[in-house]
Amino acid sequence: MLTISSSCPRCLQPHTTLQLAYADPDRPGIPAPAFRETAFRCAHCQQLVLVTVMTPQNRYLGPLDAHGKPAPRGDIAKVDGIEVRQILPEMPKNNAPEHCPVQVSKAFLDGAANLEQARWTAAASCYRMSIDRASKLLWQESCQDDMPHNLWKRIEKLSSKIEMPNSLVRWAEVVKTVGNEMHELDDVSEEDARDAAHFAEVFLTYMYTLPERLAQFRARRTPPVAEAQNLLGELKNMTGAQMSAFVTKVESGHP
Ligand SMILES: [Zn+2]
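Read in order, the letters of the sequence shown are residues 246 to 500 in the numbering used here.
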């Protein structure tokens, strides 16, 4: 099967596989076109995307079928003489804070799209959803006890369990679309929607972007000697079984 390794413009899943679902067939008596319209299906969300594939004549070096015609298989990037020209729909511009989980980014981007179209209630509800999803994921990662159903209470309780500034909790309380239940909000004003957008951006940046950037910074700045000393300390305390598991990990390239 012919596949494309790409992010999916439908579900925004990064690094997924798109699998060939349909290719415009050759028309009898007409030379095979250099450009071919095809449909690929996302392995993650199962939705279709339209892909224009270019197969320049005489340059194709991939597998052939029983009639000697090109029958490309596997990752398209590895087949000589065939290339992807365009994938539709295009990937939406990702303005969500970096390093957010996909489902959080997706709700945030829906919020931004609604805000751009002046759909204030829809925008606020999407931004609220991005915070709701993020707080649920953070809860699952860090807490064992029952999760509060109410969004603001969840954020407040989270702040006692994970690193979160108190000012962020107090801010969440006064953002109308976060501090109240959505059904309590009759109609959301432009100001409310923009408040929700602003809060969501800061909340997600604090919870996802900054910790990841800090981790990357630390990894970059850890002096090699200190790293080696740490490793040596760990190795000294390992049992034989732990040591062989460690060696297997290193050999597999995922230490
Ligand atoms: Zn998808």
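Where is the CB? At the ideal position from N, CA and C, for every residue including glycine. Since the model is a prediction, treat every value here as computed from it, not as a measurement.
| query | result |
| --- | --- |
| Using 8 angstroms as the threshold, is the region 286-303 in touch with the region 326-340, meaning 3 or more CB pairs across them? | yes |
| Could you spell out the range, first to last residue, of the beta strand (DSSP E) harbouring V507? | Nothing can be reported for residue 507, as the shown portion of the chain is limited to 246 through 500. |
| Between D377 and N395, what straight-line distance do the alpha-carbon atoms span, to the nearest angstrom? | 9 angstroms |
| Consult DSSP for P456 and reduce its assignment to one of helix, strand or coil. | helix |
| How about H428: is its Cβ closer than 7 angstroms to a heavy atom in ligand 1? | no |
| For a test of your reading of the model: does the CB of Q292 fall under 7 angstroms from any non-hydrogen atom of ligand 1? Yes or no. | yes |
| Per DSSP, F285 is paired with what? | L265, V294 |
| Is DSSP giving S387 helix, strand or coil here? | helix |
| Among residues of its own chain, excluding the 5 on either side of L480, which ones have a beta-carbon nearer than 8 angstroms to its beta-carbon? | M488, F491 |
| Quick check: the Cα distance between A369 and A438, rounded to an integer number of angstroms? | 5 angstroms |
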